[in-house]
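The structure under discussion appears below in the form of structure tokens.
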Amino acid sequence: MRTQPGGEMMDYLSAFAPHITGLIQQKRVLGDKYDSEPGILRRFDTFCRECHPGEVTITRELMLAWAVKRPGEHPATLQGRITPVKELAKYMMRLGYNAFCLPKGMMPRIPRDMPHIYSNDELKRIFIQTDHCHYCSSVPHRHLVMPVFFRLLYSCGLRVTEARLLKVEDVDLSEGVITVMNAKLDRHRQLPVSPDMLTRLKAYRQNIHLLSRPKDCFFPGRDLKPMTIGNVEKNLRKFLWKAGISHGGRGKGPRVHDFRHTFAVHCLRRWVLEGTDLRALLPVLQTYLGQVSLGDTADYLHLTADLFPNITEQVERVLGNIIPETGGYDETN
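To convert, note that position 148 of the sequence shown is 148 in full-length UniProt numbering; the numbers rise steadily by one, no gaps.
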């Protein structure tokens, strides 16, 4: 049977084939997109056939052999490779098999880097460089896309994938609302945009979307398809260099996701300085960011206090001593 992103099918040939296809079908029935996992499970299927052909269940030895870190493999990549196989083991356990599921404590730890919070001056310099983006014949809309795309990331606190997968129909310019359909955990949400951002969006749409269809990509990349995350990061590094902002190299900041972190921190700082009720507004920020846990949003209080020590006393006076200790910032939040 074949199962690939978008509902296509993929060959599974090991003894685990029926369980893999059963897991994928169950996930999708429950509403999970499960787009990238079938490819990982196919590699696991091949691994089992070639290296453990006699296994009919996921033993401790098989799981640990699959979980060996490969040369140069990033912990996040290793974790992404292990997680679908853990889910397969749990699925088989529910069916009555004596499968081994890697305990949480044995999962690779992903280092959490401190987010880079852009200053107002840095944002201004970056946006100036996006405005100076040159025409590119292979990506003819790039010089129009970049100024709006990066401003939208910051002004709405979007995840990069939420922004790059926006469709024309998701941007309601008459109401000034963006509908995020590709949110984490499929949690759709609607976001009002600021008057200045709305003006830019209207001009942008007038420039490139007069003849577009509702399902067309709002921020088209090469061949009018969505930009890849790698392409967005590559463009950001160019803008940072031209703006005179140091980049730490691959895997280091500033990153695209830091626009989202910056949006959250700037919101909290502004609310504290305005003397608004943070108890009421923190859940609002949580909803706007599309975060599942209020604790994820509250992490930004700690970061805000670290970056702006002069407001820590005001935060504690409003909320009491609730600024949380945090172990890091999830790049997917």
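Where a beta carbon is used, it is the ideal one built from N, C-alpha and C, also for glycine. Note that this is a predicted model, so its numbers are computed, not measured.
Straight-line Cα distance separating residue j from residue i
i, j, result
"Q286", "A99", "38 Å"
"Y34", "R237", "31 Å"
"A17", "T161", "31 Å"
"C217", "K202", "16 Å"
"A65", "F44", "11 Å"
"P38", "R70", "20 Å"
"R200", "D299", "31 Å"
"N207", "F259", "25 Å"
"L13", "D223", "35 Å"
"I322", "G80", "Confidence in I322 is poor, its pLDDT being 43 and thus under 50, which makes the residue's placement unreliable; the coordinate value appears in the next sentence. Between I322 and G80, the C-alpha separation is close to 33 Å."
"A15", "G54", "8 Å"
"Y97", "C136", "56 Å"
"S174", "P192", "11 Å"
"P84", "L282", "33 Å"
"K225", "L166", "11 Å"
"N235", "Q25", "38 Å"
"Q4", "K27", "Interpretation of Q4 is limited by its pLDDT of 46, a score under 50 that renders its predicted location unreliable; the figure taken from the coordinates is listed afterwards. Taking the straight line joining both Cα atoms gives about 13 Å."
"A76", "T179", "29 Å"
"N231", "L95", "43 Å"
"M227", "E122", "24 Å"
"M181", "R189", "7 Å"
"H52", "G244", "53 Å"
"E73", "T59", "23 Å"
"T130", "R49", "50 Å"
"D196", "G248", "32 Å"
"T276", "V284", "13 Å"
"V29", "V292", "21 Å"
"K124", "Y288", "24 Å"
"H132", "K90", "52 Å"
"S246", "S36", "33 Å"
"G221", "K242", "22 Å"
Short Cβ contact (8 Å threshold) for residue i with residue j
i, j, result
"L23", "L78", "no"
"L307", "I20", "no"
"L198", "G176", "yes"
"I126", "F150", "yes"
"G157", "F47", "no"
"G290", "R187", "yes"
"V145", "F219", "yes"
"S194", "S155", "yes"
"M106", "T57", "no"
"H261", "P115", "yes"
"L273", "P254", "no"
Cut-off 7 Å between Cβ atoms - residues of its own chain near residue i, not counting five sequence neighbours on either side
i, result
"H134", "H143"
"L102", "M63, A67, I82 and K86"
"W271", "L278 and L281"
"L41", "I20, P84 and L88"
Proximal residues to residue i (C-beta, below 6 Å), its chain only, five neighbours per side dropped
i, result
"residue 334", "Since the first residue of the chain shown is 1 and the last is 333, residue 334 is not available in this structure."
"T304", "V265, L268 and R269"
"S212", "V168"
Nonlocal neighbours in the same chain, by C-beta distance under 8 Å from residue i, ignoring five residues either side
i, result
"I229", "V160, T161, R164 and V256"
"K104", "none"
"V148", "R200, L201, Y204 and F219"
"E233", "R255 and V256"
"D172", "I178 and T179"
Check: residue i C-beta below 7 Å from any heavy atom of the ligand FAD
i, result
"R49", "Summarising the ligand content, the structure contains no ligands, and the ligand FAD is consequently not present."
Q | Contained alpha helix (DSSP H) runs [length at least 4] in the region 28-52, N- to C-terminal order | A | Taking only runs of at least 4 residues, the alpha helix (DSSP H) segments lying wholly in the region 28-52 are 37-51.
Q | Whole alpha helix (DSSP H) elements within the region 238-277, 4-residue minimum | A | When DSSP assignments are scanned along the region 238-277, the uninterrupted stretches of alpha helix (DSSP H) that are 4 or more residues long and fall wholly within it turn out to be 258-274.
Q. In the region 110-145, which residue ranges form an unbroken alpha helix (DSSP H) of at least 4 residues, counting only runs that do not cross its ends?
A. 120-131
Q: Please go through the region 59-89 and give each complete alpha helix (DSSP H) segment of 4 or more residues, from N-terminal end onward.
A: 60-66
Q.
List, from N- to C-terminal side, the alpha helix (DSSP H) runs of 4 residues or more that fit wholly inside the region 147-214.
A. Taken in chain order, the whole alpha helix (DSSP H) runs of length 4 or more contained in the region 147-214 are 160-164 and 195-208.
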